[in-house]
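Scroll down for the structure; my scribbles are underneath it.
In our numbering, the protein residues as written are 5 to 565.
See below:
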């Protein structure tokens, strides 16, 4: 196989017939007939000879595998190279493909994974099976999505790190529904993060007081949405028990207590303002609700960022841990724990197991560790280290930086896969990591990044298919049309992730039409919308009770007559 510019692809037909290979090549503009771009290169290789499935490697992988075999047979004396315009695909060892193969999941495998998750969802919803469920399916007590009639002023608190936000959200009725927002960021000093719970909530109450003063809102008693991004057991929409602190917090006297009550007590101690009803909000629910205000068909929320999670509107009759059969309730799936019971062992690679072992929570959040931004870069790093040790990359030479856990950041994956700029970005990243590379190394690194991010997107698609299909079946529909509110840095910033996710979920769920809407500030605006919907439902309930009471009085009067 020579450069197309020389006038022919193959100098020796024996190379083809000898390996029983069928090659179909559409000529490109580089050739004499000037017939267009190279459209396909398709190889059929004897499975008996290579022991590799056509589907698993794909066209490019088979081509590279064939080159490797040819070089072995001809003692590396043959110049095997395909040129497509300015792009040169050099030989990638079949050993590289062998490393990547376990990350490539077929449609059949994805459907099987979806079926496993479906069983876990049912187990998590059950009253008696919940305690042993890997996917916890937590009730949020959010009983509806926005219907467009919400209006008014709302406060929101967003606490989840060393800073927290206070927000004033105004829902305005105009030609188009508008959310207007003012916000303020407040720092939490280190001594308060590890002090007493009273100190923490007094600090939050003080910052909220300053914000209300600046917004001239102290004379009003406004409802508040509270995004509290720590593990909690939600008892009601306004009651949430902290299970444990994370993210560097360790305030005494808070674990095992209702954080809403602690906030109210701190505000009461000040005495200079008051708040109305409080709604506790999970960030995934906030994502769904903020998108639901813009698109009322949005009934699924999904985050794919540092971590991953999803929520959706479930039929109340299936939520066995909460009394009541009527209506719906948003369920926080906590799907990051999918596989914690060993149900995903068959797709965990040796590199996934290393990442899990070295994490701060081994054996926990199995699904999350295969797809979220906190771990993708480390999976790539482990692969690159192993390939270099096997002399498949960087001339077998490793840098101290690449040997360091966490040195290959997940954002590097996005940069390396960034279209035409990807190769140049890859060169700069590898240089910054102290590696000696050639162009073939950069291309292999790009292939590794693509393989890992692709697996992440496809696994997310399999999980999302499970939820969408459950909603469809719950409602007895032949076809479901719904919207997913989505957020997270992986979804937002990776150049190919969103498209691969959408393409795969359409393939897996042909009976569901799923649109995607990127959230605008789920933890802020979304928290306000949860509060707004709760206010609307409470008002509707009061009006219904008043109406029932009037009917009863009329009936009593009739009886007297």
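Here a beta-carbon is modelled for each residue, glycine too, at the ideal position from N, C-alpha and C.
All values derive from a computational prediction rather than experimental measurement.
Exercise. Go to residue 278, then tell me how far its beta strand (DSSP E) extends in each direction, as first and last residue.
Key: In the chain shown, residue 278 corresponds to position 274, counting from 1. From DSSP, residue 278 is part of no beta strand (DSSP E); its letter is neither H nor E.
query: Taking one C-beta from the segment 360-373 and one from the segment 323-336 each time, how about it: are there three or more such pairs within less than 8 Å?
result: In short, these stretches do not touch, since the Cβ pair count stays below three.
- Nearest-angstrom Cα distance between residue 421 and residue 374? To locate residue 421, count along the chain shown from 1; it is residue 417. To locate residue 374, count along the chain shown from 1; it is residue 370. It is roughly 19 Å from the alpha-carbon of residue 421 to the alpha-carbon of residue 374.
* **Integer Cβ distance of residue 411 from residue 385, believed to fall under 8 Å** => Position 407 of the chain shown, counting from 1, holds the residue named residue 411. Position 381 of the chain shown, counting from 1, holds the residue named residue 385. Between residue 411 and residue 385, the beta carbon gap of about 6 Å places them in contact (Cβ cut-off 8 Å).
Pick out whichever of 545, 320, 161 has its Cα sitting closest to the Cα of residue 142.
In the chain shown, counting from the first residue as 1, residue 142 sits at position 138. Cα-wise, what sits closest to residue 142 is 320.
(message) For residue 272 and residue 311, I'd like the C-alpha separation in whole angstroms.
(response) On the chain shown, position 268 is the one that residue 272 refers to. On the chain shown, position 307 is the one that residue 311 refers to. Their Cα atoms are separated by approximately 35 Å.
Next item on the list: Would you list the one or two residues that DSSP bridges to residue 317?
Entry: As a working mapping, residue 317 is identified with position 313 in the chain shown. BP columns for residue 317 point to 334.
Starting from the Cα of residue 226, find the closest Cα among 159, 168, 459, 104 and give me that residue. Your numbering for residue 226 matches position 222 in the chain shown. Residue 226 has its Cα closest to that of 159, out of 159, 168, 459, 104.
ask   = Three or more C-beta pairs closer than 8 Å, one from the segment 468-488 and one from the segment 397-409: is that the case here?
value = No, the segment 468-488 is not in contact with the segment 397-409.
Which residues mark the beginning and the end of the beta strand (DSSP E) in which residue 228 is found?
For this step, residue 228 is matched to residue 224 along the chain shown. The continuous beta strand (DSSP E) containing residue 228 extends over residues 228-232.
**Item:** the segment 161-171 touching the segment 230-246, judged by at least three CB pairs closer than 8 Å
**Value:** Touching, per the Cβ criterion.
*asked:* Less than 8 Å between the beta carbons of residue 542 and residue 512, yes or no?
replied: On the chain shown, position 538 is the one that residue 542 refers to. On the chain shown, position 508 is the one that residue 512 refers to. Between residue 542 and residue 512, the CB-CB gap reaches or exceeds 8 Å.
(request) Would you mind giving the Cβ-Cβ distance between residue 545 and residue 504, rounded to the nearest angstrom? I have them listed as a contact below 8 Å. (result) Mapped onto the chain shown, residue 545 falls at position 541. Mapped onto the chain shown, residue 504 falls at position 500. No, residue 545 and residue 504 are not in contact; Cβ-Cβ is about 44 Å, not under 8 Å.
- Quick one: grab the DSSP three-state call for residue 347. Looking up residue 347 in the chain shown gives position 343. Residue state, collapsed to three classes: coil.
Taking residue 302 as the reference, which of 289, 99, 313 has the closest Cα? Here the question's residue 302 lines up with position 298 in the chain shown. The candidate whose alpha carbon is nearest that of residue 302 is 289.
Cβ-based neighbour list, residue 433, same chain, cut-off 7 Å, excluding 5 preceding and 5 following
Position 429 of the chain shown holds residue 433. 416, 419, 420, listed in sequence order.
Is it the case that the Cβ atoms of residue 294 and residue 526 are separated by a distance below 8 Å?
Reading the chain shown from its first residue, position 290 is the one you call residue 294. Reading the chain shown from its first residue, position 522 is the one you call residue 526. Closer than 8 Å, so yes.
**Identity of the residue in 323, 452, 379 nearest residue 145 by Cα** = What you label residue 145 is simply residue 141 of the chain shown in a count that begins at 1. Looking only at 323, 452, 379, the smallest Cα-Cα distance to residue 145 is reached by 323.
- Could you tell me if residue 548 is buried or exposed, where buried requires 16 or more neighbouring beta carbons within 10 angstroms of its beta carbon? Looking up residue 548 in the chain shown gives position 544. Looking at its Cβ environment, which holds fewer than 16 other Cβ atoms inside 10 Å, residue 548 is exposed.
Item to complete: Using beta-carbon positions only, say whether residue 285 and residue 534 come within less than 8 Å of one another.
Response: Taking the chain shown and counting its residues from 1, one reaches residue 285 at position 281. Taking the chain shown and counting its residues from 1, one reaches residue 534 at position 530. Residue 285 places its beta carbon less than 8 Å from that of residue 534.
* To do: My understanding is that residue 241 touches residue 538, with C-beta atoms under 8 Å, so please give their C-beta distance in whole angstroms.
  => To locate residue 241, count along the chain shown from 1; it is residue 237. To locate residue 538, count along the chain shown from 1; it is residue 534. For a cut-off of 8 Å, the C-beta gap from residue 241 to residue 538 is around 6 Å, short enough to register as a contact.
DSSP on residue 250, reduced to helix/strand/coil? For the purposes of this step, residue 250 is taken as the residue at position 246 of the chain shown. In the three-state reduction of the DSSP assignment, residue 250 falls in the coil class, being assigned neither a helical nor a strand state.
Going by alpha carbons, who is nearest to residue 277 out of 269, 222, 268?
Position 273 of the chain shown, counted from the start, is the residue given in the question as residue 277. Taking only the C-alpha atoms, the option nearest residue 277 is 222.
| query | Does the separation of the CB atoms of residue 103 and residue 391 fall below 8 Å? | reply | Along the chain shown, one-based indexing puts residue 103 at 99. Along the chain shown, one-based indexing puts residue 391 at 387. It is a contact, given that the beta carbons lie within the stated cut-off.
* Using DSSP bridges, identify the partner residues of residue 476. => Locating residue 476 in the chain shown gives position 472, where the first residue counts as 1. Bridge partners of residue 476: none, in fact.
Distance, Cα to Cα, residue 377 vs residue 357?
Residue mapping note: residue 377 aligns to position 373 of the chain shown, counting from 1. Residue mapping note: residue 357 aligns to position 353 of the chain shown, counting from 1. One alpha carbon belongs to residue 377, the other to residue 357, and they sit about 17 Å apart.
Can you look up residue 243 in the DSSP assignment and give me helix, strand or coil? Counting from one through the chain shown, the residue named residue 243 turns up at place 239. Three-state DSSP puts residue 243 in a strand.
What separation, rounded to the nearest whole angstrom, lies between the Cα atoms of residue 23 and residue 120?
For the purposes of this step, residue 23 is identified with residue 19 of the chain shown, where counting begins at 1. For the purposes of this step, residue 120 is identified with residue 116 of the chain shown, where counting begins at 1. Only weak support is given to the placement of residue 23: the predicted model assigns it a pLDDT of 33, under 50, and the value that follows is read from those uncertain coordinates. The alpha-carbon separation between residue 23 and residue 120 amounts to approximately 41 Å.
* Inter-residue Cα distance where the pair is residue 253 and residue 235 -> Start at 1 with the first residue of the chain shown, and residue 253 comes out as number 249. Start at 1 with the first residue of the chain shown, and residue 235 comes out as number 231. Between residue 253 and residue 235, the C-alpha separation is close to 12 Å.
### Query
Do the segment 495-504 and the segment 109-119 touch if we need at least three Cβ pairs shorter than 8 Å?
No: fewer than three Cβ pairs fall under 8 Å.
Measuring straight from C-alpha to C-alpha, what distance separates residue 429 and residue 460?
Here residue 429 is taken as the residue at index 425 of the chain shown, counted from 1. Here residue 460 is taken as the residue at index 456 of the chain shown, counted from 1. Between the alpha carbons of residue 429 and residue 460 lies a gap of roughly 22 Å.
Review point. Alpha carbon to alpha carbon, how far is residue 45 from residue 99?
Key: Residue mapping note: residue 45 aligns to position 41 of the chain shown, counting from 1. Residue mapping note: residue 99 aligns to position 95 of the chain shown, counting from 1. In this prediction, residue 45 has a pLDDT of 39, which is less than 50 and means its spatial position is unreliable; nothing more can be read from the coordinates.
- Can you tell me which of the three DSSP states residue 255 falls into? As a first step, residue 255 must be located in the chain shown, where it is residue number 251. Residue 255: coil per DSSP, three-state reduction.
Practice item. Pull up the distance between the alpha-carbon of residue 369 and that of residue 341, whole angstroms please. Key: On the chain shown, position 365 is the one that residue 369 refers to. On the chain shown, position 337 is the one that residue 341 refers to. Going from the Cα of residue 369 to the Cα of residue 341 covers about 4 Å.
Among 238, 330, 162, 187, which has the Cα closest to the Cα of residue 174? The residue labelled residue 174 in the question sits at position 170 within the chain shown. Residue 174 has its Cα closest to that of 187, out of 238, 330, 162, 187.
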